[in-house]
Ligand SMILES: Cc1cc2nc3c(=O)[nH]c(=O)nc-3n(C[C@H](O)[C@H](O)[C@H](O)COP(=O)(O)OP(=O)(O)OC[C@H]3O[C@@H](n4cnc5c(N)ncnc54)[C@H](O)[C@@H]3O)c2cc1C
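If you want it as structure tokens, here you go:
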């Protein structure tokens, strides 16, 4: 049975510093992001009473940044924001596919990437993408920040390398632009053609590439024809081999 509501306390924080102080001052306090997992637990009577620290107004945990050698997104990025981001569509396409598969629109509007990771469900949709991209997590607490490779983060069922009072701040994917640029320049491929080629090399079928890039299957077929023409190749298998020879699949 659900505990009475007055046994829950929600501390709304306006900055990252406030949130970290609130978590540090009360070791039993838990972060509250979009609430899509926590509210289900509450309704089922499994959410422990006590203090929750609301992150929804913490600007430092939001935003999608690209530039330099990485693309990063704040832990409070919602699935809807992932789906609407041109940057992520280009730099993190499989994340968009995972977001599109997650729940319905209401869940996509509230649910966050950080919450999906920290909820640590073995059935969650975004963690396999983070593994595929060799992503890392920036973790922050009142004692400082640290970066953890995602492959090291989840250690078992509901077990993770997240210390008391620590928050997932950002998800980071390194992008090897230098590796891809000379090949693209030499071949005259457009950004979109390079995206298609990378996804082909990653083993995705035409329809899956279309879903990942939010274009039609017919457009993917046209891009593939252009890629073959520009590279002087005769088949998709040759294009895949070309991408692997130039390590293009590694920067997906
Ligand atoms: C109807 C429905 C359908 C769903 N379908 C899917 C689906 O298809 N695939 C899927 O993967 N998931 C699905 N979910 C699960 C859920 O939407 C996701 O796990 C969501 O991303 C959780 O994010 P949130 O912001 O709502 O987290 P919350 O519920 O606020 O928090 C979840 C957990 O993460 C912790 N937490 C949150 N943010 C942080 C942070 N920055 N740092 C540290 N800890 C943090 C919280 O303390 C809590 O323990 C579904 C949920 C519902 C209700």
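Residue numbers (our numbering): 4 to 255. Idealized CB from N, CA, C, for every residue including glycine.
Problem - Simplified DSSP assignment, three categories, for residue 165 - result: Position 162 of the chain shown, counting from 1, holds the residue named residue 165. In the structure shown, residue 165 sits in coil (DSSP, three-state: anything other than H, G, I, E or B).
Problem - DSSP-derived helix/strand/coil call for residue 3 - result: Residue coverage of the chain in this structure runs from 4 to 255, which leaves residue 3 outside it and unanswerable.
Problem - Coil, strand or helix - residue 223 by DSSP - result: The residue given as residue 223 occupies position 220 in the chain shown. In the structure shown, residue 223 sits in a helix (DSSP, three-state: H, G or I).
Problem - Local conformation of residue 253 per DSSP, three classes - result: Working through the chain shown from its first residue, we reach residue 253 at position 250. Residue confidence for residue 253 is low, a pLDDT of 45 falling below 50, so the modelled location carries little weight; the figure read from the coordinates is stated next. In this structure, residue 253 counts as helix in the three-state DSSP scheme.
Practice task
Quick one: using the 10 Å Cβ neighbour count with 16 as the cut-off for buried, is residue 196 buried or exposed?
Solution key: Residue 196 sits at position 193 when you count from the first residue of the chain shown. Its Cβ being crowded by 16 or more others within 10 Å, residue 196 is buried.
Practice task
Give the range of the beta strand (DSSP E) segment to which residue 1 is assigned.
Solution key: This structure does not reach residue 1, given that the chain is present from 4 up to 255, and the question cannot be answered.
Exercise for the section: Tell me whether residue 5 sits in a helix, a strand or coil according to DSSP, three-state version. Expected result: Against the chain shown, residue 5 aligns to sequence position 2. In the structure shown, the three-state DSSP call for residue 5 is coil.
Handout entry: Contacts around residue 92, its chain only, beta-carbon distance under 7 Å, and the 5 residues preceding and following it disregarded
Key = Position 89 of the chain shown, counted from the start, is the residue given in the question as residue 92. Excluding sequence neighbours, residue 92 sits near 99, 216, 217.
Practice task
Within its chain, find whatever has a CB closer than 8 Å to the CB of residue 255; leave out the 5 residues flanking it on each side and keep chain order.
Solution key: Working through the chain shown from its first residue, we reach residue 255 at position 252. Any reading at residue 255 is ruled out, since the residue's pLDDT is 39, under 50, leaving its predicted position unreliable.
Problem - Under 8 Å between C-beta atoms of residue 113 and residue 39 - result: What you label residue 113 is simply residue 110 of the chain shown in a count that begins at 1. What you label residue 39 is simply residue 36 of the chain shown in a count that begins at 1. Yes; because the gap between Cβ atoms is below 8 Å, this pair is in contact.
Problem - Residues of its chain near residue 119, where Cβ-Cβ distance is below 6 Å and the 5 sequence neighbours each way are ignored - result: Against the chain shown, residue 119 aligns to sequence position 116. Here the set comprises 127, 129.
Handout entry: Within 8 Å, strictly: CB atoms of residue 140 and residue 132
Key = Mapped onto the chain shown, residue 140 falls at position 137. Mapped onto the chain shown, residue 132 falls at position 129. No; because the gap between Cβ atoms is not below 8 Å, this pair is not in contact.
Handout entry: Best match in 251, 47, 171, 199 for proximity to residue 79 [C-alpha to C-alpha]
Key = The residue labelled residue 79 in the question sits at position 76 within the chain shown. The candidate whose alpha carbon is nearest that of residue 79 is 171.
Exercise for the section: Return yes when at least one heavy atom of ligand 1 lies under 7 Å from the C-beta of residue 67, else no. Expected result: Here residue 67 is taken as the residue at index 64 of the chain shown, counted from 1. Every heavy atom of ligand 1 is 7 Å or more from the Cβ of residue 67, so no.
Exercise for the section: Answer yes or no: do residue 54 and residue 14 have a C-beta to C-beta separation smaller than 8 Å? Expected result: Residue numbering aside, residue 54 sits at position 51 when the chain shown is read from its first letter. Residue numbering aside, residue 14 sits at position 11 when the chain shown is read from its first letter. Contact: yes.
Exercise for the section: Compute the minimum distance between the beta carbon of residue 114 and the heavy atoms of ligand 1, and state whether it is under 7 Å. Expected result: Position 111 of the chain shown holds residue 114. Within the cutoff, so yes.
Problem - Where the beta strand (DSSP E) containing residue 144 begins and where it ends - result: For this step, residue 144 is matched to residue 141 along the chain shown. For residue 144, the enclosing beta strand (DSSP E) has its first and last residue at 139 to 144.
Practice task
Would you give the residue range spanned by the beta strand (DSSP E) that residue 179 belongs to?
Solution key: On the chain shown, residue 179 is found 176 positions in, with the first residue counted as 1. Element bounds for residue 179: n/a, residue is neither H nor E.
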